[in-house]
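Residue 471 in the UniProt record's numbering sits at position 471 of the sequence shown, with consecutive numbering throughout.
Where is the CB? At the ideal position from N, CA and C, for every residue including glycine.
Just below is one structure, and these are the notes that go with it.
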Amino acid sequence: MKDTIYVLDAYGLIYRSYFAFISRPLTNSKGENVSAIFGFFKSLHSIFTEYNPKLFVTALDSLTPTFRHEMYKEYKATRDKTPDDLHAQIDKIEEILKTFKLPAVRCNGFEADDVIASIAALAEKEGRECVVISGDKDLMQLVSKTTTMLKPGKIKAWEGFDAENVKEEWGVYPAGMLDLLSLIGDSADNVPGIKGVGPKTAVKLLEEYKSLDGIYANTGNLKGALKTKIEEGKESAYFSKELIRLRFDVPVEKDLNAYSTSQMDYEAAARLFISEELPNIAKLYSEKIIAEKALSKHEKNETSSKENLKQEAGLFENSEQTSPEMLPQELGTGEEISLPQNNGNYKLVDEAEELFKIVDEALKQGLAAYDCETTSEDPLNAEVCGFSLALKEGDAYYFPLKAPSPELGEEAPKLIAFKDAQRAVTKLFDSKMTLIMHNGKFDIQAALSSKLASGISANLFDTMIAAWLLDPARSSYGMDKLAESILGVKTIRFKDLVKQGQNFSDIPLKEACPYAAEDADITFRFYKKFLPLLKKNNLEKLFFDLEMPITKLLTEMEIKGIFLKGEELTAYSKELGKELEDCEKDIYRLVGHEFNIASPKQLQEVLFEERKLTPGKKTKTGYSTDTSVLENLASEDPVPAKILDYRALAKLKSTYTDTLPKMTDKNGRIHTSFIQTGTATGRLSSRDPNLQNIPIRGNEGRKIREAFQAEKGRVLISADYSQIELVILAHLSKDQNLVEAFNKGIDVHAKTASLIFAVDIKDVSQDMRRIAKTINFGVMYGMSAFRLASSLRIPRKRADEFIKAYFATYSGVSGFIANICQEAEQRGYVETIMGRRRYLPAINSKNKVEKAGAERIAVNTPIQGTAADIVKLAMLEVDKALKKQKLDASILLQVHDELIIEAAESEKEKVMSLVKEKMEGVIKLSVPLRVSIESGMSWGEFH
1 MKDTIYVLDA
11 YGLIYRSYFA
21 FISRPLTNSK
31 GENVSAIFGF
41 FKSLHSIFTE
51 YNPKLFVTAL
61 DSLTPTFRHE
71 MYKEYKATRD
81 KTPDDLHAQI
91 DKIEEILKTF
101 KLPAVRCNGF
111 EADDVIASIA
121 ALAEKEGREC
131 VVISGDKDLM
141 QLVSKTTTML
151 KPGKIKAWEG
161 FDAENVKEEW
171 GVYPAGMLDL
181 LSLIGDSADN
191 VPGIKGVGPK
201 TAVKLLEEYK
211 SLDGIYANTG
221 NLKGALKTKI
231 EEGKESAYFS
241 KELIRLRFDV
251 PVEKDLNAYS
261 TSQMDYEAAA
271 RLFISEELPN
281 IAKLYSEKII
291 AEKALSKHEK
301 NETSSKENLK
311 QEAGLFENSE
321 QTSPEMLPQE
331 LGTGEEISLP
341 QNNGNYKLVD
351 EAEELFKIVD
361 EALKQGLAAY
371 DCETTSEDPL
381 NAEVCGFSLA
391 LKEGDAYYFP
401 LKAPSPELGE
411 EAPKLIAFKD
421 AQRAVTKLFD
431 SKMTLIMHNG
441 KFDIQAALSS
451 KLASGISANL
461 FDTMIAAWLL
471 DPARSSYGMD
481 KLAESILGVK
491 TIRFKDLVKQ
501 GQNFSDIPLK
511 EACPYAAEDA
521 DITFRFYKKF
531 LPLLKKNNLE
541 KLFFDLEMPI
551 TKLLTEMEIK
561 GIFLKGEELT
571 AYSKELGKEL
581 EDCEKDIYRL
591 VGHEFNIASP
601 KQLQEVLFEE
611 RKLTPGKKTK
621 TGYSTDTSVL
631 ENLASEDPVP
641 AKILDYRALA
651 KLKSTYTDTL
661 PKMTDKNGRI
671 HTSFIQTGTA
681 TGRLSSRDPN
691 LQNIPIRGNE
701 GRKIREAFQA
711 EKGRVLISAD
721 YSQIELVILA
731 HLSKDQNLVE
741 AFNKGIDVHA
751 KTASLIFAVD
761 IKDVSQDMRR
771 IAKTINFGVM
781 YGMSAFRLAS
791 SLRIPRKRAD
801 EFIKAYFATY
811 SGVSGFIANI
821 CQEAEQRGYV
831 ETIMGRRRYL
841 PAINSKNKVE
851 KAGAERIAVN
861 TPIQGTAADI
871 VKLAMLEVDK
881 ALKKQKLDAS
891 ILLQVHDELI
901 IEAAESEKEK
911 VMSLVKEKME
921 GVIKLSVPLR
931 VSIESGMSWG
941 EFH
């Protein structure tokens, strides 16, 4: 039996790999995007591992226009330009393929699809099986008895695809695919098809008349609008057929054995992967190369070992780029790395006397790491199973409070009595010692909720927050991931210990102790690493004076929660349900048939194939149907506007009115979780539920906010910083016009409009002010003329004129932007007024797109980051003042620049006056901070 030949659609896999990481691209130490290289060769390895092909060839696209472009100048004209950072990777992938000695074929004037078709035809002629590796529907024409496909799978990485699969997915067998595509066209390639004929209609026609020729031989049997469409679209259908038809005469190598994989040079490829800073991919292809690196690593000292560890994670930094003050980078890009298992001296303590002795030692030392284990991930409703202490690196103790019931004939495990644990934890929490925790908010809330402690006055050192301050761009600050990159060890994973359906109290103590004690030990070891780094990076003050007090305050805010009138939201949910039904009916009426509105694939068919609307940006799953695309299409067709309405209503119902009432506690209060490490700028985020994202504008948003209420005899107070980011921009840039506007209390948007439109401020129209407002805020986010034009729906040239006029007016802002970018290039990072840092690895990138992105971050971070710092500082000052004056009031929520406070109605005026005073005076800037303050019975009454 002849060897099967495997043919890869290279560019299909390259694009898929690139867009798989589009929200968080993989980059090397130079800031260059390597997502496509990583994904392509990782996928290639999975194919070779599973199928072990003896014959394999990669089909590459033409470097010149093809015969299809000569037939039709508009062919593929609607496709977005290939991103610059992808172009660079395509060249590199082809270079690696050559080094790899992996057969590849390109024939200028023909597409890769035609190369694949010609090779498949040769295989069929020889009676040889051919496997086409692609998800491209055009290639489904080729599926036959000898030719099958491998498509990216939902369950497996790659799944086989034969004639029956084609029929199941498209409604026709492979022989009918050409005619089907000729009827419906292809918006991705700008192939016209017949306007108004979608897949369902086309399949019905082909089922009845067998082929395109059969349809046109029987047009007399068609009726109404369909007959008109078919008759008027005849020329377009046959023209589309010629465009889509694959060529089988591409001049490829006739001897398919020339595509043998026996000459592939794995080691040469592995070395090239290492030079491209992809050692994990290198490891896949050649264990020998990694072994050589590991050997040399053990021969070096501890410092260079750590550097090699960083290199093995794909972060090869030269001596100029590597700063000893920074954390080692995250290991790997989604793959396992061989690291030693952590090994500590961990002891189970089940006697109260020994517990108190260890606690006294901790108090005397003034420093200990604390961690607790619970029955649930929700600290407000969990029971504490036990807690751990570490007083030095490598040693830790676990004090169990719960354990599984003994088996028949076994003795019950000894445990620490709750009253003894309570006494011990209270002593620690009430002391003035430093308690080290990792995600301390969780541990503190668990202790307070379970009554192990009643408060915390001890100094807190949260290693998770320290790691975030030192490296705010990490994807994870979880203990396991940090231990790998910071300490170079693997930890015991919770998921390996606690199986589905279990909680920690089900784990036998001999297994629970090493896991729990290790958490405290690792936390203590983090402390030893992070404290000197905080000092070296001048982050001590920010950490101890701002972030640690904020952690304690957020702990209190989350425990308190905010009252929610659940029945009001439930009633509103029914209203929204009726509106959704009506909206759905309107959409079906406009489209002419029912479909799944929530399905992107079906929506693409309706908009771009049936209604022939102009597609926008392309994603890995087809053309985008996101909000920005639909907003642009709404002027062309009524359906996109209705889809937007439908989505808005569906989100309100599913995210808020259906969900929030189920999340209240027995007292009707809802408790969000504030995330300190969620953004690189220092802004807080919120989840479970996200109360920072509740709609502000519109009647719908107001109705949802009205359900958040003060309890009887109390009021809610909203204190909101006015235009805080523009105030900070004025302070940092020292621009005279901006500073003057804020100092005199002039409407800064009207002032901007008057200057760029050259009119008196009293003659500024609402439209002028709207444009000025967009520019004012857009400048801080690096808004381009293209984006401004899109936002304001004006010509790009006009948008460019506005931006030039803005910088001519505010020359201080222009100078600030230039200076901050230059400073970032020299230092590699930017800072807020309070010293918060954000590192910019791409600021000196030769890739223009990456560099421009880094420059936008460089401008925005000092502004948005300083605003975040000021709001946090204000929270602390307000909380301190309320407690000092013993007012019956507390902060419940922080929503970006706004604080929501609940107070006794009798103390409302005093609280409002105090809050305004503290917030406006929290920091001295060259322009005044102003706070607008309101009170009401519900959140919906504000603004």
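ask   = Mapping DSSP to helix, strand and coil, what is Y477?
value = coil
query = Which word fits F504, buried or exposed, when buried means at least 16 other C-beta atoms lie within 10 angstroms of its C-beta?
reply = buried
request  = Determine the extent of the beta strand (DSSP E) in which Q894 is found, giving its start and end residues.
outcome  = A889 to V895
ask   = Which first and last residues belong to the beta strand (DSSP E) in which E129 is found?
value = From DSSP, E129 is part of no beta strand (DSSP E); its letter is neither H nor E.
ask   = Can you give the Cα-Cα distance for L8 and K195, rounded to whole angstroms?
value = 33 angstroms
request  = Note down, one range per segment and in chain order, each beta strand (DSSP E) of at least 3 residues found wholly within the segment 553 to 604.
outcome  = 562 to 564
key: the segment 458 to 469 contacting the segment 541 to 553, beta-carbon criterion three pairs below 8 angstroms   = yes
message = Quick check on this structure: which residue in G592, E111, V349 and G135 has the alpha carbon closest to the alpha carbon of R245?
response = E111
key: Span separating the alpha-carbon of L355 from that of L363   = 12 angstroms
message = Suppose you measure from the CA of V927 to the CA of V727; what does that come to, to the nearest Å?
response = 7 angstroms
request  = For the beta strand (DSSP E) holding W158, just list the boundary residues, first then last.
outcome  = W158 to F161
inquiry  = Does the segment 486 to 499 come into contact with the segment 375 to 395, if we say contact requires no fewer than three beta-carbon pairs (one atom in each stretch) closer than 8 angstroms?
reply    = no
inquiry  = If the criterion is Cβ atoms closer than 8 angstroms, does the pair L603 and I597 meet it?
reply    = yes
inquiry  = My assumption, with CB atoms under 8 angstroms, is that L469 sits in contact with L554. Please give the rounded CB distance.
reply    = The pair is not a contact, with the Cβ atoms about 16 angstroms apart (cut-off 8 angstroms).
key: Y72 (DSSP reduced to helix, strand or coil)   = coil
task = Can you give me the Cβ contacts of I289 inside the same chain, cut-off strictly under 6 angstroms, excluding the 5 residues immediately before and after it?
result = Residue confidence for I289 is low, a pLDDT of 43 falling below 50, so the modelled location carries little weight and cannot support an answer.
Host beta strand (DSSP E) of C372 (start-end) = L367 to T374
key: For R837, the three-state DSSP class (helix, strand or coil)   = strand
inquiry  = Per the DSSP calculation, N537 is bridged to which residue(s)?
reply    = Partner(s): none; N537 has no beta bridge.
query = In terms of residue numbering, what span does the alpha helix (DSSP H) encompassing I746 cover?
reply = It is not in any alpha helix (DSSP H) - I746 carries neither H nor E in the DSSP assignment.
Collapsed DSSP secondary structure at Y11 in the structure displayed = helix
Cβ-based neighbour list, V166, same chain, cut-off 8 angstroms, excluding 5 preceding and 5 following = M140, V143, V172, Y173, P174 and M177
Pick from R856, G214, K76 and S733 that is closest to G812, judged by C-alpha positions = S733
request  = Take every Cβ of the segment 555 to 569, pair it with every Cβ of the segment 510 to 521, and state whether three or more of those distances are shorter than 8 angstroms.
outcome  = no
ask   = Fully enclosed by the segment 688 to 716, which alpha helix (DSSP H) runs are 4 residues long or longer?
value = 698 to 706
task = Please name the residue or residues paired with T664 in a DSSP beta bridge.
result = I670
ask   = What do you reckon, are the CB atoms on D360 and M437 nearer than 8 angstroms?
value = no
query = Where N280 and L497 are concerned, what is the direct C-alpha to C-alpha distance, given to the nearest angstrom?
reply = 27 angstroms
inquiry  = For I215, count the other beta carbons within 10 Å of its own beta carbon; 16 or more makes it buried, fewer makes it exposed. Which is it?
reply    = buried
request  = Check the C-beta distance from V931 over to A719 and give it rounded, since I have them as a contact under 8 angstroms.
outcome  = 5 angstroms
query = By how many angstroms is the C-alpha of N52 removed from the C-alpha of F126?
reply = According to the sequence shown, residue 126 is Glu rather than Phe. Cα-Cα distance, rounded: 21 angstroms.
task = Report, in whole angstroms, the separation of the C-beta atoms of S890 and L899, which I expect to be a contact under 8 angstroms.
result = Going by Cβ atoms, the distance from S890 to L899 rounds to 11 angstroms, so no, they are not a contact pair.
task = Measure the C-alpha to C-alpha separation of A117 and V131 and round it to an integer number of angstroms.
result = 11 angstroms
request  = Reducing DSSP to helix, strand and coil, say where G778 ends up.
outcome  = helix
inquiry  = Just to confirm the assignment: which complete alpha helix (DSSP H) runs, minimum length 4, are found wholly within the segment 438 to 485?
reply    = 440 to 449, 463 to 470 and 479 to 482
request  = Report the option in N28, K92, K2 and M1 whose CA atom is closest to the CA atom of Y11.
outcome  = K92
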